[in-house]
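A.B. asks: Quick one: this structure, given as structure tokens, is what I'll be asking you about.
Given below as structure tokens:
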């Protein structure tokens, strides 16, 4: 019974944890402009993150090694360092976006400008990273993030033309006035939002934090296989909601408030309150995860003690990195840069950075030296190689598309 | 996975850059480099793990490595031991699996290497790996260094590319023959089809000139 409860908890937190500021903003923008014509990208991204997270989670369970341990072991110190710089750049950018996202969500609740709020949000995030237990960070915000299910309810209440939605989902081409290049650019952004690198840094390091062993592989798989697809459903529901409300008006989504507007229309104040709770929980949880990921990755590269499973003074350098990352993130936000724009950039750079960490994980997941009998099976390897190719193509296309379409303008 | 420390192993693939863990499971450092000592009989034997920035930075390679190493030393110009890495003697190693486990707790564990003039002539594996190899077939690089169960250098694997570039996909006894994914295996093996193992007896290392000659 207790085990079943644990599995359920894991699945629920995976659902809530899947959605962050990148998913909220990108899905809403894509929904308003392209309907569900890019829903297949979310599907692809969900399958991709399942493959990636399952491999890294299994490695963590069998060998006790997290992502950046393996990056350096397989790629050597020089390539590992280049990889670390790239991945940390993207993760810090995401950290900025998440903290900004929490502040924007609070602005929607209390009306105080986010520029006055973000220093407090940053301090609160740091306090949580410093004091709170790992299980609290993982479970509490994941569970509260489930409030975003309100988007599914709102979609049902809005009563869209389901055949039109379905047709949009299988059209595989941009709707009328939009260009192919813009469509492709948003496909890359959506893919990066679904498969953000920090999710895997956090997932595999979290496995070590919770002292997973070989016997936990089953539970880990259940979490991944149920939680991430249901999180993907939330993403598609957000896109469908904004499609129904904004597309007839030919309006675009530029603020977090507009993301929540369909819920307010469908379900009124109560619905909006639940959506805002979901926004705060999802972005706050993701802020903690990205913050921790910067510490995890740097400490794993240099071999320092890391993790919340030891006292803070035992992992002093790890906590120093967390503090510095938070200070840097707040410094970036203090320039007055729009967090929504930071989010747009972060999801595209995420897509760019993915193959760097995916490849070493793929190699180690096949290495009997580490994995014994738990190496990848044949079917998984075919799927994993398919995603290796997809990730490479997406990464190569990201920057040219970004320049060509002027960030999807 | 079993302990590799007491059987033959590949220095780059199995030991370099692995996590070092103390007796109680706390993390200590990475295996940033290995110390190689010359024995009287002309053999080369690995004797210690090296750690810390003075060991890691030169391994970033080529000009970049020496430049950041200089900057690192300059940041503490007054410190005599600024360029000396920390040393963990092999006697402290309990086992080598996906990490290196030590026999004692980490508190006060790391001591810097003694200076140049004490003990036998010592080198770093990282220096050896960056040397150019003059083989009969042309200029090559060292891909890995194979040690026997007593940590003596048994052979070098030479070919094109960087150390560790074969990612464990090389064909030989003791390695799983069919490590997947098949496509990655095929590509890595094709890229390194000319790589070969050279017994240490056929190798002359010139530490002054940074050059390795293969007879």
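Protein chains in written order, with our numbering: chain A, -12 to 396; chain B, 8 to 222. Glycine residues also receive a C-beta, built at the ideal position from the N, C-alpha and C atoms.
So which residues of chain E does residue 151 (chain B) contact, with C-beta pairs closer than 7 Å?
C.D. replies: You won't find chain E in this structure, because its protein chains are A and B.
A.B. asks: Report yes if the CB atom of residue 23 (chain A) is closer than 8 Å to the CB atom of residue 152 (chain A), and no otherwise.
C.D. replies: What you label residue 23 (chain A) is simply residue 36 of the first chain in a count that begins at 1. What you label residue 152 (chain A) is simply residue 165 of the first chain in a count that begins at 1. Cβ atoms of residue 23 (chain A) and residue 152 (chain A): closer than 8 Å.
A.B. asks: Run through the region 52 to 77 of chain B for me and flag every whole alpha helix (DSSP H) of 4 or more residues, listed as ranges in chain order.
C.D. replies: 60 to 63
A.B. asks: Across which residues does DSSP place residue 148 (chain B) in a beta bridge pair?
C.D. replies: Residue 148 (chain B) sits at position 141 when you count from the first residue of the second chain. In the DSSP output, where bridge partners are listed per residue, residue 148 (chain B) has B:139, B:166.
A.B. asks: Could you check the C-alpha separation between residue 94 (chain B) and residue 38 (chain B) for me, to the nearest Å?
C.D. replies: Within the second chain, numbered from 1, the residue matching residue 94 (chain B) stands at position 87. Within the second chain, numbered from 1, the residue matching residue 38 (chain B) stands at position 31. Distance between the alpha carbons of residue 94 (chain B) and residue 38 (chain B): 10 Å.
A.B. asks: Applying a beta-carbon distance threshold of less than 9 Å, which residues of chain B neighbour residue 282 (chain A)?
C.D. replies: Along the first chain, one-based indexing puts residue 282 (chain A) at 295. Residues of chain B passing the Cβ test: none, with the nearest at roughly 13 Å.
A.B. asks: When the Cα of residue 25 (chain A) is compared with those of A:177, A:198, A:351, which residue comes out closest?
C.D. replies: Counted from its first residue, the first chain places residue 25 (chain A) at position 38. Ranking the options by Cα distance to residue 25 (chain A), first place goes to A:177.
A.B. asks: Which of the three DSSP states is assigned to residue 276 (chain A) in this structure?
C.D. replies: Here the question's residue 276 (chain A) lines up with position 289 in the first chain. In the structure shown, residue 276 (chain A) sits in a helix (DSSP, three-state: H, G or I).
A.B. asks: Show which residues of chain B have a CB atom less than 8 Å away from the CB atom of residue 5 (chain A).
C.D. replies: Mapped onto the first chain, residue 5 (chain A) falls at position 18. By Cβ distance, chain B contributes nothing, its closest Cβ being about 26 Å from residue 5 (chain A), past 8 Å.
A.B. asks: Output, in chain order, the set of chain A residues within a Cβ distance shorter than 7 Å of residue 68 (chain B).
C.D. replies: As a position in the second chain, residue 68 (chain B) is number 61, starting the count at 1. Within 7 Å Cβ-Cβ: 65.
A.B. asks: Residue 358 (chain A) and residue 46 (chain A): beta carbons closer than 8 Å?
C.D. replies: Mapped onto the first chain, residue 358 (chain A) falls at position 371. Mapped onto the first chain, residue 46 (chain A) falls at position 59. Yes. Within cutoff.
A.B. asks: Quick one: grab the DSSP three-state call for residue 195 (chain A).
C.D. replies: Position 208 of the first chain, counted from the start, is the residue given in the question as residue 195 (chain A). Of the three classes helix, strand and coil, the one that applies to residue 195 (chain A) here is helix, per DSSP.
A.B. asks: For residue 89 (chain A) versus residue 385 (chain A), is the C-beta spacing smaller than 8 Å?
C.D. replies: To locate residue 89 (chain A), count along the first chain from 1; it is residue 102. To locate residue 385 (chain A), count along the first chain from 1; it is residue 398. No, these two residues do not count as a Cβ contact at 8 Å.
A.B. asks: Would you please state the rounded distance, in angstroms, between the beta carbons of residue 188 (chain A) and residue 280 (chain A)? I believe it to be under 8 Å.
C.D. replies: As a position in the first chain, residue 188 (chain A) is number 201, starting the count at 1. As a position in the first chain, residue 280 (chain A) is number 293, starting the count at 1. Beta-carbon to beta-carbon, residue 188 (chain A) and residue 280 (chain A) are separated by about 4 Å, close enough to satisfy the 8 Å threshold.
A.B. asks: Do residue 100 (chain B) and residue 107 (chain B) have their CB atoms nearer than 8 Å?
C.D. replies: Sequence index remark: in the second chain, residue 100 (chain B) carries index 93 (1-based). Sequence index remark: in the second chain, residue 107 (chain B) carries index 100 (1-based). In contact: residue 100 (chain B) and residue 107 (chain B) (Cβ atoms closer than 8 Å).
A.B. asks: Determine, using beta carbons only, whether residue 2 (chain A) and residue 218 (chain A) come nearer to each other than 8 Å.
C.D. replies: Start at 1 with the first residue of the first chain, and residue 2 (chain A) comes out as number 15. Start at 1 with the first residue of the first chain, and residue 218 (chain A) comes out as number 231. Cβ atoms of residue 2 (chain A) and residue 218 (chain A): closer than 8 Å.
A.B. asks: Where are the alpha helix (DSSP H) runs, 4 residues long or more, that stay fully inside the region 153 to 190 of chain A, in chain order?
C.D. replies: 167 to 181
A.B. asks: Taking the CB atoms as reference points, tell me whether residue 154 (chain B) and residue 170 (chain B) lie closer together than 8 Å.
C.D. replies: Reading the second chain from its first residue, position 147 is the one you call residue 154 (chain B). Reading the second chain from its first residue, position 163 is the one you call residue 170 (chain B). Their beta carbons are not under 8 Å apart, which means residue 154 (chain B) does not touch residue 170 (chain B) by this criterion.
A.B. asks: Compute the distance between the beta-carbons of residue 21 (chain B) and residue 103 (chain B), then report whether it is under 8 Å.
C.D. replies: Here residue 21 (chain B) refers to the residue found at position 14 when the second chain is read from its first residue. Here residue 103 (chain B) refers to the residue found at position 96 when the second chain is read from its first residue. Yes, the Cβ-Cβ distance between residue 21 (chain B) and residue 103 (chain B) is below 8 Å.
A.B. asks: Let me know if residue 150 (chain A) comes out buried or exposed under the rule of 16 or more other beta-carbons within 10 Å of its beta-carbon.
C.D. replies: Taking the first chain and counting its residues from 1, the one referred to as residue 150 (chain A) is at position 163. With a threshold of 16 other beta carbon atoms within 10 Å, residue 150 (chain A) falls short and is exposed.
A.B. asks: Specify whether the region 186 to 203 of chain A and the region 112 to 120 of chain A touch according to this definition: at least 3 beta carbon pairs, one from each stretch, less than 8 Å apart.
C.D. replies: no
A.B. asks: In whole angstroms, what is the alpha-carbon distance linking residue 65 (chain A) and residue 211 (chain A)?
C.D. replies: Translated into the one-based positions of the first chain, residue 65 (chain A) becomes position 78. Translated into the one-based positions of the first chain, residue 211 (chain A) becomes position 224. Cα-Cα distance, rounded: 32 Å.
A.B. asks: Under a CB-based cut-off of 8 Å, is residue 293 (chain A) close to chain B?
C.D. replies: Stepping through the first chain from its first residue, residue 293 (chain A) is reached at position 306. The beta-carbon of residue 293 (chain A) is placed less than 8 Å from the nearest beta-carbon of chain B.
A.B. asks: For a contact defined as C-beta to C-beta under 9 Å, what are the partners of residue 166 (chain B) on chain A?
C.D. replies: On the second chain, residue 166 (chain B) is found 159 positions in, with the first residue counted as 1. Those do not exist, as residue 166 (chain B) stays about 15 Å from chain A at its closest Cβ, beyond 9 Å.
A.B. asks: Determine the closest residue to residue 226 (chain A) out of A:6, A:364, A:14, A:180, with distance taken between C-alpha atoms.
C.D. replies: Translated into positions along the first chain, residue 226 (chain A) becomes position 239. Residue A:14 is the option with its Cα nearest to residue 226 (chain A).
A.B. asks: Who are the neighbours of residue 354 (chain A) on chain B, taking C-beta pairs under 7 Å?
C.D. replies: Numbered from 1 along the first chain, position 367 holds the residue referred to as residue 354 (chain A). Those are 175, 186, listed as they occur along chain B.
A.B. asks: What residues are listed by DSSP as bridge partners for residue 45 (chain B)?
C.D. replies: As a position in the second chain, residue 45 (chain B) is number 38, starting the count at 1. DSSP, once it has assigned bridges, lists B:51 as partnering residue 45 (chain B).
A.B. asks: How far does the beta strand (DSSP E) with residue 26 (chain B) in it extend, from its first residue to its last?
C.D. replies: To locate residue 26 (chain B), count along the second chain from 1; it is residue 19. Per DSSP, residue 26 (chain B) belongs to the beta strand (DSSP E) from 26 to 28.
A.B. asks: Per DSSP, which residues does residue 131 (chain B) bridge with? Please list them.
C.D. replies: As a working mapping, residue 131 (chain B) is identified with position 124 in the second chain. Under the DSSP definition of a beta bridge, residue 131 (chain B) partners with B:42.
A.B. asks: Is the CB of residue 304 (chain A) under 8 Å away from at least one CB in chain B?
C.D. replies: On the first chain, residue 304 (chain A) is found 317 positions in, with the first residue counted as 1. No, residue 304 (chain A) lies away from the interface with chain B (no Cβ there is under 8 Å from its Cβ).
A.B. asks: Mark residue 159 (chain A) as exposed unless 16 or more other C-beta atoms lie within 10 angstroms of its C-beta, in which case mark it buried.
C.D. replies: Locating residue 159 (chain A) in the first chain gives position 172, where the first residue counts as 1. So residue 159 (chain A) counts as exposed.
A.B. asks: Can the beta-carbon of residue 382 (chain A) be found closer than 8 Å to that of residue 341 (chain A)?
C.D. replies: Counting from 1 along the first chain, the entry for residue 382 (chain A) is found at position 395. Counting from 1 along the first chain, the entry for residue 341 (chain A) is found at position 354. For residue 382 (chain A) and residue 341 (chain A), yes; Cβs fall inside 8 Å.
A.B. asks: Quick one: any contact between the region 155 to 164 of chain B and the region 192 to 207 of chain B, if contact means 3 or more CB pairs under 8 Å?
C.D. replies: yes
A.B. asks: Do residue 195 (chain A) and residue 294 (chain A) have their beta-carbon atoms positioned less than 8 Å apart in this structure?
C.D. replies: Start at 1 with the first residue of the first chain, and residue 294 (chain A) comes out as number 307. Start at 1 with the first residue of the first chain, and residue 195 (chain A) comes out as number 208. Residue 294 (chain A) places its beta carbon less than 8 Å from that of residue 195 (chain A).
A.B. asks: Return the bridge partner residues of residue 157 (chain B) from the DSSP annotation.
C.D. replies: Taking the first residue of the second chain as 1, we reach residue 157 (chain B) at position 150. In DSSP, residue 157 (chain B) forms no bridge with anything.
A.B. asks: Taking residue 270 (chain A) as the reference, which of A:336, A:-1, A:129, A:390 has the closest Cα?
C.D. replies: Working through the first chain from its first residue, we reach residue 270 (chain A) at position 283. For residue 270 (chain A), the nearest C-alpha among the options comes from A:129.
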